[in-house]
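Notes follow once the structure below has been shown.
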Amino acid sequence: MTAGAGRQSSSHWGAFRARISGDDLAVTSHELDAQPSPLLGNLSGAYNHPARVLQPMVRRGWLADGPGPSSARGQDEFVRVDWPDLTAILATELERVITEYGNAAIFGGSYGWGSAGRFHHPQSQVHRFLNTIGGFTRSVNTYSTGASSVILPHVLGRDVNAVHGLTSWSVLAEHTTMILAFGGLPVKNMQVAPGGITRHRSEAALRQLIDNGTSIVVVSPVRTDCPDGRGVRWCPINPGTDVAMMLALAWVLITGHLHDTEFLNTRCTGYGQLQAYILGHTDGVRKDPAWAEGITGVAAGDICSLATQMAANRTFVSVTWSLQRAEHGEQPPWAAIALAAVLGQIGTPGGGFGHGYGSMGDVGLPKVSGQLPTLPQGDNPVDAFIPVARISDMLLNPGAPFSYNGGTYRYPHTRLVYWCGGNPFHHHQDIGRLRRAMAAPNTVVVHEPYWTATARHADIVVPSATFLERSDLGASRGDPCLIAMRQVCDPPGDVRTDYETFSELADALDVGSFFSEGDSEHAWLRRLYETWRSRSSSDGVDLPSFDGFWSAGHVELPSAPNDQVMLYDFVQDPENAPLRTPSGRIELTSATVSSFGYDDCPGHPSWLPPAAGPTDAHPLTLLASQPAHRLHSQLDMGATSQSSKIHGREPLLMHPDDAVARGITPGRVVLITSEQGSCLAGAVLSSDIKPGCVQLATGAWYDPLDPRDVDSPCRHGNVNTLTRDRGTSRLAQGCTGQLVSVEVRLYQERVPAVHAHRPPPGAHAPLPCERQVPHDF
């Protein structure tokens, strides 16, 4: 193998430099990043890994029987085909589906995080391609913020994210004296951001807050959601009950005359209805601390004391994204806004409300001014859509009605799923149900670099190059650099970039000139950069030419001022800077939401008990958290991810008292069961989790004991074998994967080996002996 100089590239968890040495990849952090992420340690182990998809592959049963529903997906073997044959097969099947059923029968199932690059972003590539052939059924919103992205525009206005950005860390460090952090401020999540992070800054900003003496109260069932520091206090709470505590805090402020009536009357609408609900005038239930104690497990006296402290401080109420990934997930961010409004500090430097701090690395950082270089996706003439977390519902119930944000729609009859980027067997809930759903379409096409469970459940598997094997432009909305992502090595085997695949497929379908527009990948990079440069020049920003940028390796991006205060302009001058809500104010009660008539999402923040909680059969509450050792399920075979495993499987955090009652000791393999399914995990015992709760990270590659059985336990610890597949409410239909009731027992049988990172039958092939370092352009 040819040795090469260390080349810079970028990932969602940071910029880096890589060098090929023999059969190994050596990775070092980038000199621009003073706090590089340990997730870089996963890159070397994934290079030349046996789980790599090396050739175009087609499921044997699909080749033999033709398109149609099949329960063999996930257990059938694969057959290698040549690229010309694969292109012909794909073109023929796309033409058949469009001719017989129309373009709405194609579901374009890409779901983000595939690449930090702006051009090779898989979602942009597949959407651009499908739009050139007439469109597709799309998904809306994200698994991360599915509920928030629907409710917040009703409460704060349609432009809440674009115009009224979150308060900057720098402002919090200077002015905030108390943070009430529902869901915590987990530092592990600050390592990643879409489009990458060249300079990790959020953890340092949080540390500055703590060093400045800011009091931080973390409300969470898990102490590990707390940052370290002398002024940090842990308030253990029963999972999913944060809204009850928020309402009780508001009750103390209102009844103690610590609320800001002027703010509530002039900057908000609907406070009267909300107050009547909190005081118990509408339903006869006072939302006082004694009521909340019985729900949350937080002592009534502690709630009273905390409310008094909030009123005496410049207080910032923070809610992580995790809290809205549960049943009635619309309520936590809405109730937190109401609590901050009662306190009257919204729009003040260091006070008010924040959402997502500790959920991702670029939250609270200055945003890039203007638009980043972006591959145009074209126009989609197909109106059909689903909320992103409703894919199993769509595939299992074609034509069935569903509610969403005040409207009633019908699930399209999907005949072909085209997935490029993302892994639904990581993101989606109730994998047994997802496997049944994935058996329903005529054809499933997946572009993948590795043999993930999604690839194993496909009919046609297209080998896809990784970001190490292509050049690109790396940039993020909350990062100060545009970085030249230089190709580190050639793709192995018969692997191509998605752009090469779609270009050839577009040519076969006689739309090549519309998709590629006659440009090579390198020409597209130059074109995207120069278009962006020209637009920036019109805004008075002087940037180097593409050749100058590529030679330098990065360019500093113009950023918004680092002193953002959320809703500052509105609070200062509500008449001339109204919100884009029906009232122009913060909607503590929304007449629009109320008019929808949803009993699972009323017109104001409400405590709505979950439909399913702990039972005698499943007495523990499991929290499905983001992993600390990888991004989602990416590069699970890497050294950093593998270092966290217990006997090769995902670790389960459990309180010692719960473990002793079940005869479980540290390091033992346990079986976790729920109403939906089961999985194995390795026991880690700690008092850092509230008794009655357990925690298992997402992202372990799905590995069923018996691939023929859709309900077979996952031997590797994929938490979504356990979770429930239902929407947050009829309003948002968001993901509810954070909480599920489970039981945990010692696994008494012979512990099976983990096969998650082995290729499926028919896919075994040696890696090529040489992977060349390409010439730069």
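The opening residue of the sequence shown carries number 142 in the numbering used here; numbering runs sequentially from there.
Just so you know, even glycine gets a beta-carbon here, dropped at the ideal spot from N, CA and C.
Distance CB(residue i)-CB(residue j) smaller than 7 angstroms
i	j	result
Gly287	Ala530	yes
Gly615	Ala765	no
Ala625	Trp691	yes
Thr278	Leu646	no
Ser178	Trp203	no
Phe580	Pro832	According to the sequence provided, residue 580 is Ala. The question's Phe does not apply to it. No, the pair does not count as a contact, with Cβ atoms beyond the cut-off.
Thr781	Leu180	yes
Asn272	Ala314	no
Gly488	Tyr709	yes
Gly511	Asp680	yes
Leu887	Ile830	no
Trp592	Pro900	yes
Tyr545	Val586	no
Gln518	Ser265	yes
Ala334	Ser617	yes
Gly495	Ser459	yes
Coarse secondary structure for residue i, derived from DSSP in three states
i	result
Cys630	coil
Cys376	strand
Asp704	coil
His567	helix
Val860	helix
Val328	helix
Gln149	strand
Val652	coil
Val851	coil
Glu658	coil
Residue i versus residue j: straight-line alpha-carbon distance, rounded
i	j	result
Pro225	Arg867	41 angstroms
Ile274	Asp206	26 angstroms
Pro915	Tyr640	18 angstroms
Ala167	Pro792	28 angstroms
Pro474	Thr461	9 angstroms
Leu464	Gly470	7 angstroms
His295	Ala800	44 angstroms
Thr143	Val629	Summary for Thr143: the model assigns pLDDT 35, below 50, so the residue's position carries little reliability, and this model does not support an answer.
Ser731	Leu326	29 angstroms
His663	Asp613	8 angstroms
Ala693	Leu623	11 angstroms
Ser686	Leu729	49 angstroms
Ser150	Leu666	15 angstroms
Ala192	Gln775	12 angstroms
Val162	Arg148	With the sequence shown as reference, residue 162 is identified as Ser, and Val is not the correct amino acid for it. Those two C-alpha atoms are separated by around 13 angstroms.
Phe457	Asp648	55 angstroms
Asp520	Asn189	38 angstroms
Pro804	Arg627	Strictly speaking, residue 804 in this sequence is Gly, with Pro absent from that position. Taking the straight line joining both Cα atoms gives about 53 angstroms.
Ser735	Cys742	8 angstroms
Top-ranked residue by Cα proximity to residue i, from the options
i	options	result
Arg809	Leu227, Ile787 and Pro208	Ile787
Thr584	Thr169, Gln196 and Arg237	Arg237
Ser285	His773, Arg371 and Asp424	His773
Ala525	Thr423, Tyr498 and Pro553	Pro553
Thr407	Arg221, Val558 and Ala482	Ala482
Leu307	Ala824, His759 and Gly497	Gly497
Met386	Gly372, Leu447 and Met501	Leu447
Ile419	Val281, Tyr412, Lys428 and Gly411	Lys428
Arg611	Ala594, Pro632, Asp620 and Ile230	Pro632
Val811	Pro750, Val883, Cys742 and Phe457	Val883
Thr382	Arg348, Gly337 and Gly324	Gly324
Asp600	Trp392, Gln416, Gly689 and Glu218	Glu218
His400	His422, Leu484, Ala345 and Ser661	Leu484
Per DSSP, cross-strand counterpart(s) of residue i
i	result
Arg455	Looking at the DSSP assignment, Arg455 forms no beta bridge with any residue, so it has no partner.
Trp665	Paired residues: none, contrary to the question.
Ile528	It should be pointed out that residue 528 corresponds to Pro in this sequence rather than to Ile. Val281.
Ile727	Cys409
Ile478	Answer by DSSP bridge pairing: none, since Ile478 is not bridged.
Arg886	Leu812
Tyr550	Phe543
Thr169	Arg158
Asp613	Met626
Arg676	Its beta-bridge partners do not exist; DSSP assigns none.
Phe920	This structure gives no information on residue 920, because the portion of the chain shown stretches from 142 to 918.
Gly438	Bridge partners of Gly438: none, in fact.
Beta carbon proximity, residue i to chain D, threshold 7 angstroms
i	result
Gln775	Absent from the structure is chain D; it holds one protein chain and no more.
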